[in-house]
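Each remark here refers to the structure printed beneath this line.
Numbering (my numbering), first residue to last: 1 to 141.
Quick look at the structure:
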(Lines of atoms letter the chains of each structure in order from A; the text may use other names.)
(Lines give C-alpha, C1' and ligand atoms only; values in the text may rest on other atoms or scores of the structure.)
Protein backbone atom coordinates (compact mmCIF):
# COMPACT_ATOMS: atom_id res chain seq x y z
CA UNK A 1 0.00 0.00 0.00
CA UNK A 2 1.32 3.46 -0.91
CA UNK A 3 1.35 6.43 1.40
CA UNK A 4 0.95 10.13 0.79
CA UNK A 5 3.90 12.42 1.33
CA UNK A 6 3.76 14.25 4.67
CA UNK A 7 3.64 17.58 2.80
CA UNK A 8 0.50 16.62 0.85
CA UNK A 9 -2.40 18.99 1.47
CA UNK A 10 -5.59 20.25 -0.12
CA UNK A 11 -5.10 23.70 -1.58
CA UNK A 12 -8.65 25.03 -1.39
CA UNK A 13 -12.15 23.94 -0.43
CA UNK A 14 -15.11 25.00 -2.59
CA UNK A 15 -18.55 25.13 -0.96
CA UNK A 16 -21.93 25.92 -2.48
CA UNK A 17 -24.00 28.20 -0.27
CA UNK A 18 -27.58 29.42 -0.55
CA UNK A 19 -26.93 32.95 0.68
CA UNK A 20 -23.48 34.47 0.26
CA UNK A 21 -24.04 37.24 2.83
CA UNK A 22 -25.21 34.75 5.47
CA UNK A 23 -22.18 32.54 4.79
CA UNK A 24 -19.88 35.57 4.89
CA UNK A 25 -21.33 36.62 8.25
CA UNK A 26 -20.34 33.20 9.59
CA UNK A 27 -16.93 32.72 7.98
CA UNK A 28 -15.74 36.32 8.37
CA UNK A 29 -17.74 37.47 11.39
CA UNK A 30 -17.60 34.32 13.52
CA UNK A 31 -14.42 32.57 12.30
CA UNK A 32 -12.45 35.68 11.35
CA UNK A 33 -11.57 34.66 7.78
CA UNK A 34 -10.84 37.59 5.47
CA UNK A 35 -12.03 37.93 1.87
CA UNK A 36 -9.01 37.70 -0.43
CA UNK A 37 -10.85 37.63 -3.77
CA UNK A 38 -14.32 38.52 -5.01
CA UNK A 39 -15.67 37.53 -8.41
CA UNK A 40 -19.40 37.95 -8.97
CA UNK A 41 -21.25 35.52 -6.72
CA UNK A 42 -18.02 33.77 -5.66
CA UNK A 43 -15.80 34.76 -2.74
CA UNK A 44 -12.42 33.41 -1.69
CA UNK A 45 -11.59 33.66 2.00
CA UNK A 46 -8.06 33.39 3.43
CA UNK A 47 -6.93 31.89 0.08
CA UNK A 48 -8.38 28.66 1.48
CA UNK A 49 -12.14 28.63 1.13
CA UNK A 50 -14.16 29.39 -1.99
CA UNK A 51 -17.85 30.16 -1.43
CA UNK A 52 -20.13 29.94 -4.48
CA UNK A 53 -23.64 31.33 -4.13
CA UNK A 54 -26.45 29.16 -5.46
CA UNK A 55 -29.69 30.92 -4.41
CA UNK A 56 -32.40 28.51 -3.34
CA UNK A 57 -30.02 25.64 -2.63
CA UNK A 58 -31.40 23.58 0.25
CA UNK A 59 -29.55 23.43 3.55
CA UNK A 60 -27.52 20.23 3.73
CA UNK A 61 -29.26 17.69 6.01
CA UNK A 62 -27.51 16.75 9.25
CA UNK A 63 -27.12 13.14 8.14
CA UNK A 64 -27.12 13.21 4.32
CA UNK A 65 -27.96 10.03 2.44
CA UNK A 66 -25.97 11.06 -0.62
CA UNK A 67 -22.30 11.14 -1.42
CA UNK A 68 -20.32 14.31 -1.09
CA UNK A 69 -18.49 16.35 1.48
CA UNK A 70 -19.51 15.66 5.06
CA UNK A 71 -16.91 17.74 6.88
CA UNK A 72 -13.98 19.88 5.84
CA UNK A 73 -11.10 20.42 8.24
CA UNK A 74 -9.42 23.66 9.19
CA UNK A 75 -6.04 23.34 10.91
CA UNK A 76 -4.97 25.82 13.57
CA UNK A 77 -1.33 25.81 14.71
CA UNK A 78 -1.73 24.91 18.38
CA UNK A 79 -4.02 24.36 21.34
CA UNK A 80 -4.00 28.06 22.23
CA UNK A 81 -5.45 28.94 18.80
CA UNK A 82 -8.00 26.14 19.14
CA UNK A 83 -9.00 27.68 22.47
CA UNK A 84 -9.34 31.08 20.82
CA UNK A 85 -11.59 29.52 18.19
CA UNK A 86 -13.73 27.93 20.90
CA UNK A 87 -13.96 31.22 22.80
CA UNK A 88 -14.92 33.11 19.63
CA UNK A 89 -17.65 30.59 18.81
CA UNK A 90 -18.94 30.78 22.39
CA UNK A 91 -18.95 34.60 22.40
CA UNK A 92 -20.84 34.60 19.09
CA UNK A 93 -23.39 32.16 20.53
CA UNK A 94 -22.60 29.72 17.72
CA UNK A 95 -23.45 26.10 18.60
CA UNK A 96 -20.93 23.27 18.43
CA UNK A 97 -21.93 19.85 17.16
CA UNK A 98 -19.25 18.30 19.33
CA UNK A 99 -15.66 18.18 20.53
CA UNK A 100 -13.18 15.35 20.44
CA UNK A 101 -9.79 14.30 21.75
CA UNK A 102 -8.10 11.98 19.24
CA UNK A 103 -4.92 11.58 21.37
CA UNK A 104 -2.86 13.13 18.53
CA UNK A 105 -5.15 16.11 18.01
CA UNK A 106 -8.12 17.94 19.52
CA UNK A 107 -11.13 19.01 17.47
CA UNK A 108 -14.21 21.21 17.48
CA UNK A 109 -17.11 20.18 15.22
CA UNK A 110 -19.81 22.50 13.92
CA UNK A 111 -21.99 23.17 10.90
CA UNK A 112 -21.96 26.35 8.86
CA UNK A 113 -25.31 28.07 8.12
CA UNK A 114 -25.75 25.86 5.02
CA UNK A 115 -25.18 22.65 6.96
CA UNK A 116 -21.64 22.06 5.69
CA UNK A 117 -19.68 20.31 8.41
CA UNK A 118 -16.52 21.94 9.71
CA UNK A 119 -13.84 20.54 12.00
CA UNK A 120 -11.40 23.01 13.53
CA UNK A 121 -8.45 21.09 14.92
CA UNK A 122 -4.96 21.39 16.37
CA UNK A 123 -2.37 18.64 16.45
CA UNK A 124 -0.56 17.84 19.63
CA UNK A 125 3.25 17.88 19.40
CA UNK A 126 4.42 14.62 17.80
CA UNK A 127 6.49 13.95 20.90
CA UNK A 128 3.20 13.65 22.85
CA UNK A 129 1.54 11.17 20.46
CA UNK A 130 0.87 7.76 22.03
CA UNK A 131 3.13 5.22 20.30
CA UNK A 132 3.09 1.52 21.15
CA UNK A 133 5.19 -1.00 19.28
CA UNK A 134 6.07 1.63 16.68
CA UNK A 135 2.42 2.43 15.90
CA UNK A 136 0.67 5.73 16.65
CA UNK A 137 -2.60 5.08 18.48
CA UNK A 138 -5.47 7.50 17.93
CA UNK A 139 -8.83 7.59 19.64
CA UNK A 140 -12.25 8.55 18.31
CA UNK A 141 -13.65 10.02 21.52
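Where is the CB? At the ideal position from N, CA and C, for every residue including glycine.
Query	Result
Stretch pair the segment 2-19 + the segment 41-59: three plus CB contacts closer than 8 Å	yes
Residue 76 to residue 123 span [Cα, whole Å]	8 Å
Boundaries (first-last residue) of the beta strand (DSSP E) holding residue 96	Here residue 96 belongs to no beta strand (DSSP E), and DSSP marks it neither H nor E.
Residue from 41, 74 and 7 whose Cα sits closest to the Cα of residue 32	74
Status (buried if at least 16 other CB within 10 Å, exposed otherwise) for residue 41	exposed
Whether residue 102 touches residue 71 by CB criterion (8 Å)	no
First through last residue of the alpha helix (DSSP H) which encompasses residue 20	20-24
Given residue 110 as reference, the closest of 8, 26 and 3 once Cα atoms are compared	26
Option in 104, 82, 136 and 35 with minimal Cα separation from residue 120	82
Nearest candidate by alpha-carbon position, reference residue 115, set 95, 134 and 99	95
Residue range of the unbroken beta strand (DSSP E) whose run includes residue 134	Taken as a continuous stretch (DSSP letters only), residue 134 belongs to no beta strand (DSSP E), as it is neither H nor E.
Cα-Cα separation between residue 52 and residue 43, rounded to whole angstroms	7 Å
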